[in-house]
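Number of protein chains: 2
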Amino acid sequence: MTESLVVHVVDDEASVRDSLRWLLESVGLRVCTHADGEAFLAEYRPQTCGCVLLDIRMPGLSGIEVLERMAQDGRRVPVIVFTGHADVPLAVRAMRLGAFDFIEKPYSDSLLLERVQRALSMRRETRDREVALEETRRAYERLSARERQVLAGVLQGRPNKLIADDLSLSIKTIEVHRANLMQKMGAHSLADLIRRVVQAGIEP
Amino acid sequence: MTESLVVHVVDDEASVRDSLRWLLESVGLRVCTHADGEAFLAEYRPQTCGCVLLDIRMPGLSGIEVLERMAQDGRRVPVIVFTGHADVPLAVRAMRLGAFDFIEKPYSDSLLLERVQRALSMRRETRDREVALEETRRAYERLSARERQVLAGVLQGRPNKLIADDLSLSIKTIEVHRANLMQKMGAHSLADLIRRVVQAGIEP
DNA sequence: GGCGGACTAGGGGATACCCTGAATCGTTTC
DNA sequence: GAAACGATTCAGGGTATCCCCTAGTCCGCC
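Protein sequences, first through last, are from chains A and B.
Under this note's numbering, the letters of the first sequence match residues 14 to 217, in that order.
Under this note's numbering, the letters of the second sequence match residues 14 to 217, in that order.
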C-alpha cells in the first residue's frame, strides 16, 4: 500500500517546479506542484501522505509561515525545506518548527533524491499508526453527546453506577451507551478502548 | 519546586567553562561543568533536570556523538548546542538528533541567557508529567514476574478466567496478583492503570 | 406510515472485587 | 538457627459490577 505517496513541491518559480518534477518522476515518484504557500495549504490535510519539498523564499506566505500553519493542526507529513539563502539561524528555526530536513541550494540531484526517499520511508513507517489514530478520532467524532459523557466517566475509571448518578440516569442506560460506544470506537475491551483514546490524544 | 534546575556545561576549554559559569551564575543559575563528553554522560541520567550547553568540537566524543548517546535512552533534558565551526548541515544534524537549540559562536551573553531561560522554562513545563511517567516505570520495575504476566493479560483486555488458563493458575490467584499490581502501580482503577502504562510507553 | 438512530430501562448470568484464611518457598535479618 | 518478610499459590463467601438479550419511547427523515 505505497500507492498514495506523493511528493508535494512548493516553490514560486516555475522552472524549479518543472525541474523537480522531472527529477522526481524520473525515479517513479508521483509529484504534485504548488505555486505558493496559500495554494498548498488549501489542499493540505493532516492525513496527507507522502512528503513535502518546501521553498523558504516565496512571495506571500514564506516557507517558515507555512511550517507554522502546518504545525498548528498537527503535521504528520515530513517536510524537507530547501532554500538558496540559507544560514544557521534559519535552519534552526525551520527544524524547531518540525521540519524533517533542510537542504541548501544548490543541491545535487542524488542528495535531494536520497533525502526524499528517507522522508518517504519515515512516512511509510509511521503511516499505519497514524491511520489508526485518525480512525479513532473520527470514531470519537461520531459518538453522540450522551456517549461522550459516558466515555468521559469510563476514562475516569468511574463505575457505571456513579456515571448513572452523575447523569441522573439508570445504570441500565449507561450500560447501553457504554456498549454502543465500544462498538463505535471499534474497541474489543476496556483496555483496548482506553489505549486507543489515550494514544489518539482524546481527553474529553 | 524549581530548586534542582541545573545548567550543565560541557566544553573542553576551561576558559569557556569558566566564563559560562560566571555568566550563568551572575543571573542566579546553578551550574555544573564537565570537561568532556564521557565525563558528562557518566553523570547524566534521563531524569536529570535543568538543561545542557553542549560544545560540538571536543576531543574524544564529539557533541554530536553525545547527542546520539543521549537520544538512545530517551533524553528529556533540553540540549543547547553551541559551536564556533557551525554550518547548516551540522546544525540540521544536531536538530534532527533532538537538540533544543543551536547557537553559533561568538554569541552575545544576552542571547545565550535568553535561550537558556527558554530551555529551562520548557523543562519546567514538562517536568511534572515526566516525573509521573518515571514513577510509573519504576513501579513497573518493582513488579514480580508473575505480576507482569498478569498485567500483560489485563492490558490485552483478557478476563481473569482466560489469564488463569494461559498461566495454568486458578482465578483466585489471578485476582490476588491483579490486586497486588494495582496497589504497586498506584492505580485507582483499571482505566487509571492502563492510562499510566500506555503513557509511560510500557508494552510487555 | 415506516424506518433508523438515540435514549431509556429490566432480568439474568457471568465476572470482578473484597475479606478472611492458609499453605509453600526462598531470602534476609536477628 | 530462628524469625520475619515477600512472592506465589489456592479457597469460600458475599457484594458489586459488567455484559447480553429484550423492549419500549421519542424524533427526524424518506
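Even glycine gets a Cβ: it sits at the ideal position worked out from N, Cα and C.
- Per DSSP, the continuous alpha helix (DSSP H) segment holding F53/B begins and ends at G50 to E56.
- For D68/A, the three-state secondary structure derived from DSSP is strand.
- Between I207/B and R150/B a beta carbon distance of about 15 angstroms is seen, past the 8 angstroms cut, so the two are scored as non-contacting.
- When the five nearest sequence neighbours on each side are left out, the beta carbons in the same chain lying within less than 7 angstroms of the beta carbon of A132/A are those of C64, P91, I93, F113 and D114, in order along the chain.
- Cβ-Cβ distances below 6 angstroms link L66/B to V22 and I93 in the same chain, with the five nearest sequence neighbours on each side left out; the list follows chain order.
- The CB of D114/A comes closer than 8 angstroms to the CB of V105 and R109 in chain B, given here in chain order.
- Per DSSP, R161/B is one residue of the alpha helix (DSSP H) stretching across A158 to L168.
- In the DSSP assignment, D205/B falls within the alpha helix (DSSP H) that extends over L203 to Q212.
- Straight-line spacing of the CA atoms in A177/A and L156/A works out to 18 angstroms.
- DSSP places R109/B within a helical segment (H, G or I) once states are collapsed to three.
- A direct Cα-to-Cα measurement between V211/A and R191/B gives close to 22 angstroms.
- The three-state secondary structure of E147/B, taken from DSSP, is helix.
- For L125/A and A99/A, the gap between their C-alpha atoms comes out near 16 angstroms.
- For L36/B, the closest of R89/B, A104/B and S123/B by C-alpha to C-alpha distance is S123/B.
- Rounded to the nearest whole angstrom, the CA to CA distance from E26/A to L168/A is 51 angstroms.
- Interface flag for A165/A against chain B is unset, since no Cβ pair is found closer than 8 angstroms.
- The Cβ atoms of L110/B and E138/B lie no closer than 8 angstroms to each other.
- DSSP places D24/A outside any beta strand (DSSP E), giving it a letter other than H or E.
- In this structure the segment 157-167 of chain A lies against the segment 184-201 of chain A, because at least three pairs of beta carbons, one per stretch, are closer than 8 angstroms.
- Straight through space, the alpha carbons of R142/A and M135/A are spaced by roughly 12 angstroms.
- Secondary structure note for V189/B: its alpha helix (DSSP H) is the uninterrupted segment I184 to M198.
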